[in-house]
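Position 96 of the first sequence, counting from 1, maps to 192 under the numbering used here, and the rest follow consecutively.
A short worksheet on the structure shown next.
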Amino acid sequence: MDSTAPSPPVPPGSTGPALGEALVDWYAGAARDLPWRRPDTDPWAVLVSEVMLQQTPVVRVEPVWREWLARWATPAALAAASPAEVIRAWGKLGYPRRALRLRETAVALVERHGGRVPDEVPALEALPGVGTYTARAVACFGHGQVQPVVDTNVRRVVARLVHGRAEALPARAADLTDVAALTPADPDRAVRFSVAVMELGALVCVARTPRCGACPVRLSCAWRLAGSPASDGPPKRVQRFAGTDRQVRGRLLDVLRAAPGPVPAAALEPAWDDAAQRSRCLDSLLVDGLVEQLPDGRFRLPAG
DNA sequence: CACTCGTGGTG
DNA sequence: TCACCAAGAGT
Numbered sequence: 097m098d099s100t101a102p103s104p105p106v107p108p109g110s111t112g113p114a115l116g117e118a119l120v121d122w123y124a125g126a127a128r129d130l131p132w133r134r135p136d137t138d139p140w141a142v143l144v145s146e147v148m149l150q151q152t153p154v155v156r157v158e159p160v161w162r163e164w165l166a167r168w169a170t171p172a173a174l175a176a177a178s179p180a181e182v183i184r185a186w187g188k189l190g191y192p193r194r195a196l197r198l199r200e201t202a203v204a205l206v207e208r209h210g211g212r213v214p215d216e217v218p219a220l221e222a223l224p225g226v227g228t229y230t231a232r233a234v235a236c237f238g239h240g241q242v243q244p245v246v247d248t249n250v251r252r253v254v255a256r257l258v259h260g261r262a263e264a265l266p267a268r269a270a271d272l273t274d275v276a277a278l279t280p281a282d283p284d285r286a287v288r289f290s291v292a293v294m295e296l297g298a299l300v301c302v303a304r305t306p307r308c309g310a311c312p313v314r315l316s317c318a319w320r321l322a323g324s325p326a327s328d329g330p331p332k333r334v335q336r337f338a339g340t341d342r343q344v345r346g347r348l349l350d351v352l353r354a355a356p357g358p359v360p361a362a363a364l365e366p367a368w369d370d371a372a373q374r375s376r377c378l379d380s381l382l383v384d385g386l387v388e389q390l391p392d393g394r395f396r397l398p399a400g
């Protein structure tokens, strides 16, 4: 498995499903060996992986995913866990509301779906924390259903390969159509195509410095054929982090995760100097259900 | 539609 | 160094 290994590119001028077929062939030799891609991975394990992978790198997800599946092998098992347990087990993956939503999803699966993960996109999209991308990823990778699966990698690949643009356009409905146009006809290959496009975007057609020399469809890439023009769109605003509420919330949660029991407000003061911002962030954590306040005024991760 | 919501590696 | 980036969802 070496994505830098030379692969025979498809002939120039290839379009549509021929490109998809080429990506499936490339994937067979270049794919990473990720645990949730093993054939015996059930839809629940796939769902957990997809939620964890939202905006979070693979390397950070892998160990946590293993722990979660060992501990909560079924939706029923996770549904029985407390928010505090789930938040602690989430560790430092970031965006900890995902952990709460995953637990809420587990409850919903037990209550509405007999403890199983549905295979229909609308039912999946109705679950907390499951949106357009995750619903189709679970249907496709978890249930073997042919579905257009569009994430940021896929949008970038399509932007370059099909539209000749340097960067992905904002998510739009036409993304599903663009991807469908590349999809192989054979259902089994169509499913592998969905993961293959993502993998190409993750390993070769990357955002910063694309490795076009290793790309199996480089001779048919509209962006390359146009001379790899720079992005013409407006510069995307940088998501600042230092000093934001996100950082403060993270600090506060850090304290509570490490604490064996409830802590007084004073124990949270070292987390952030600005008292007003600290208070505002603590409030928002309470609203989100990531923190709970006891009648005596102390704070802890929610027990129930 | 624009904005928020964590974290840590990296060129 | 520090801006950029990593399998989005919810409001």
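Even for Gly, the Cβ is constructed at its ideal location relative to N, Cα and C.
Just so you know, these numbers come straight off a predicted model, no measurement behind them.
- Under DSSP, V359 shares a beta bridge with F395.
- When the beta-carbon positions are compared, Q373 and D350 stay at least 8 Å from each other.
- The Cβ atoms of R347 and A371 do not sit closer than 8 Å to each other.
- Rounded to whole angstroms, the gap between the alpha carbons of E200 and G116 is 36 Å.
- Among the bridge pairs identified by DSSP, E117 is matched with none.
- Counting only runs of at least 4 residues, the segment 228 to 276 fully encloses the following alpha helix (DSSP H) elements, listed from N- to C-terminal order: 228 to 233, 248 to 257.
- DSSP, read as helix, strand or coil, puts E216 in coil.
- A direct Cα-to-Cα measurement between R252 and V144 gives close to 24 Å.
- A distance of 8 Å or more separates the beta carbons of E163 and P131.
- By the C-beta criterion, the segment 193 to 208 is judged to be in contact with the segment 163 to 175, since at least 3 inter-stretch pairs fall below 8 Å.
- Rounded to the nearest whole angstrom, the CA to CA distance from T228 to L296 is 21 Å.
- Within the DSSP secondary-structure output, Q389 pairs in a beta bridge with F395.
- A direct Cα-Cα distance of roughly 45 Å separates V313 from L386.
- Here DSSP, grouped into helix, strand and coil, assigns R134 to coil.
- Sequence-distant Cβ neighbours of C308 in its own chain, meaning closer than 7 Å and more than five residues away, are R314, R320.
- The C-alpha of P153 lies about 25 Å from the C-alpha of R261.
- For T152, the three-state secondary structure derived from DSSP is coil.
- Taking all protein chains in view, the Cβ of A231 is crowded by 16 or more other Cβ atoms within 10 Å, so the residue is classified as buried.
- Annotation: the continuous alpha helix (DSSP H) that includes W186 extends over 179 to 186.
- Sequence-distant Cβ neighbours of V234 in its own chain, meaning closer than 7 Å and more than five residues away, are P139, V142, L143, E146, V213, L220.
- Taking each of T248, F237, L299 in turn and checking the Cα distance to S290, the smallest one comes out for F237.
- Looking only at P356, V245, R268, the smallest Cα-Cα distance to T279 is reached by V245.
- Counted as a single uninterrupted DSSP element, the stretch harbouring G112 is not any alpha helix (DSSP H), since DSSP gives it neither H nor E.
- Within its own chain, the residues whose Cβ lies closer than 7 Å to the Cβ of V106, once the five positions on either side in sequence are excluded, are A114, L115, A118, P312, V313, L315, S316, listed in chain order.
- The C-beta distance from D271 to V254 rounds to 7 Å, short enough to fall under 8 Å.
- For the options T273, M148, G210, R128, the alpha carbon positioned closest to that of A298 is the one of R128.
- Around the C-beta of V383, fewer than 16 other C-beta atoms lie within 10 Å, and the residue is accordingly described as exposed.
- In this structure, the straight-line span from the alpha carbon of R376 to that of V344 is close to 10 Å.
- Here R194 is buried. Its C-beta has 16 or more other C-beta atoms within 10 Å.
- Counting only the Cα atoms, D274 lies some 14 Å from T248.
- Short of 6 Å from the beta carbon of A322, and not among the five residues preceding or following it, lie these beta carbons of its own chain, in chain order: G260.
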